[in-house]
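Residue numbers for the sequence shown follow numbering that gives the first Met the number 0, beginning at 0 and rising by one.
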Amino acid sequence: MTHPLKHLLDNNQKWADGETAEDPDYFQRLSTHQNPEYLWIGCADSRVPANEIIGLDPGEVFVHRNVGNIVVHTDMNCLSVLQYAVDILKVKHIIVCGHYGCGGVIAAMENTQHGLIDNWLRHIKDICQKNKAEIDSVVDEHQKKARVCEINVREQVNNVCYTTIVQNAWLRGQTLTVHGWVYGLRDGLINDLGIMVNGPESLPETYRMSTKSTD
Ligand code: CO
0 MTHPLKHLLD
10 NNQKWADGET
20 AEDPDYFQRL
30 STHQNPEYLW
40 IGCADSRVPA
50 NEIIGLDPGE
60 VFVHRNVGNI
70 VVHTDMNCLS
80 VLQYAVDILK
90 VKHIIVCGHY
100 GCGGVIAAME
110 NTQHGLIDNW
120 LRHIKDICQK
130 NKAEIDSVVD
140 EHQKKARVCE
150 INVREQVNNV
160 CYTTIVQNAW
170 LRGQTLTVHG
180 WVYGLRDGLI
190 NDLGIMVNGP
200 ESLPETYRMS
210 TKSTD
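Here you go:
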């Protein structure tokens, strides 16, 4: 029986051969270090691959993806990625990138059950409740869903900024900007929401740390 994933392994061989033909030291160089300037926090959706969308090669963007591009301050997975990116790799930009037509966002807007994932999507439901007036003001159903995708990104940018990791980076004078983008599945284009947070000044006082961490 042929290996069910033979085509993928063949693809890999071809890709590696091609890269090496173009640049014989390519993998040797990449194997010794990574120096990405960007952390991408995006949706797990197969149609939103971080590197391809922004035209970056391996080694140029550190990536964390989950359903709905959600940042939760008790999610050890996301926080570990964030800490490594900020404290060790010293990325200069964190990009939270949602996408229009996000199944996670749409599921969170509905009242039907989807199983375990509903507990994860509750984070988006909470955002819907918190921003109910703004969402209700959009009459068109298609536009309403698009707006929630944008609001979700805005809220997740805030969640990134409220983490002790980002707060401490700013307190020690590290250059770090957090951005909010929404990708369009239909045209492949990114809508920059114009959110750019590069310090604690614009954040609500509740979430602002005034002293450095002692650990
Ligand atoms: Co999605």
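All C-beta atoms in this analysis are idealised placements derived from N, C-alpha and C, irrespective of residue type, glycine included.
Excluding sequence positions up to five away, which residues of its chain have a Cβ less than 7 Å from the Cβ of residue i?
i	result
isoleucine 105	Lys144
histidine 92	Glu36, Tyr37, Thr176, His178
leucine 120	Gly67, Gly103, Ala106, Ala107
tyrosine 25	Glu18, Thr19
glutamine 82	Ile164
cysteine 127	Ala107, Met108, Ile134, Val147
alanine 132	none
lysine 110	The sequence shown places asparagine at residue 110, not lysine. Result list for asparagine 110: empty, nothing under 7 Å.
If I measure Cβ to Cβ from residue i and keep anything under 6 Å in the same chain, skipping five residues before and after, which residues do I get?
i	result
threonine 58	Looking at the sequence shown, residue 58 is not threonine but glycine. Taken in chain order, the residues that qualify are Leu29, Gln33.
glutamine 80	For the sequence presented, residue 80 should be read as valine rather than glutamine. These residues qualify, in order along the chain: His63.
methionine 75	none
Spatial neighbours of residue i within its chain, please: C-beta separation below 8 Å, excluding the five flanking residues on both sides.
i	result
arginine 207	Gln166, Pro199
asparagine 50	Asp56, Pro57, Glu59, Val60, Val62
valine 71	Cys77, His122, Asn158
valine 156	Val95, Val177, His178, Gly179, Ile194, Val196
cysteine 42	Arg64, Asn65, Val66, Gly67, Asn68, Cys96, Gly97, His98, Cys101, Gly103
histidine 2	Leu8
Quick check: residue i and residue j, are their CB atoms within less than 8 Å of each other?
i	j	result
isoleucine 87	isoleucine 40	no
glycine 97	asparagine 151	yes
arginine 153	leucine 192	yes
arginine 138	arginine 146	For clarity, residue 138 is valine in the given sequence; the question names arginine instead. The answer is no: Cβ separation not under 8 Å.
valine 85	alanine 168	yes
glutamine 173	lysine 89	yes
Only counting runs of 4 or more residues, tell me where the alpha helix (DSSP H) segments fall wholly within the region 14 to 59, in order along the chain.
-> 25 to 31, 49 to 52
Pick out the complete alpha helix (DSSP H) segments inside the region 61 to 149, 4 residues or longer, and give them in chain order.
-> You should have 75 to 82, 102 to 108, 116 to 129, 131 to 135.
Touching by the beta-carbon criterion (3+ pairs, under 8 Å), the region 181 to 201 and the region 94 to 110 | They touch, by the three-pair rule.
Between the region 149 to 167 and the region 185 to 202, do three or more beta carbon pairs fall short of 8 Å?
-> yes
If you pair each beta-carbon of the region 5 to 17 with each one of the region 64 to 77, do three or more pairs fall below 8 Å?
-> no
Going along the chain, which unbroken runs of the alpha helix (DSSP H) with 4 or more residues stay wholly within the region 146 to 192?
-> 163 to 170
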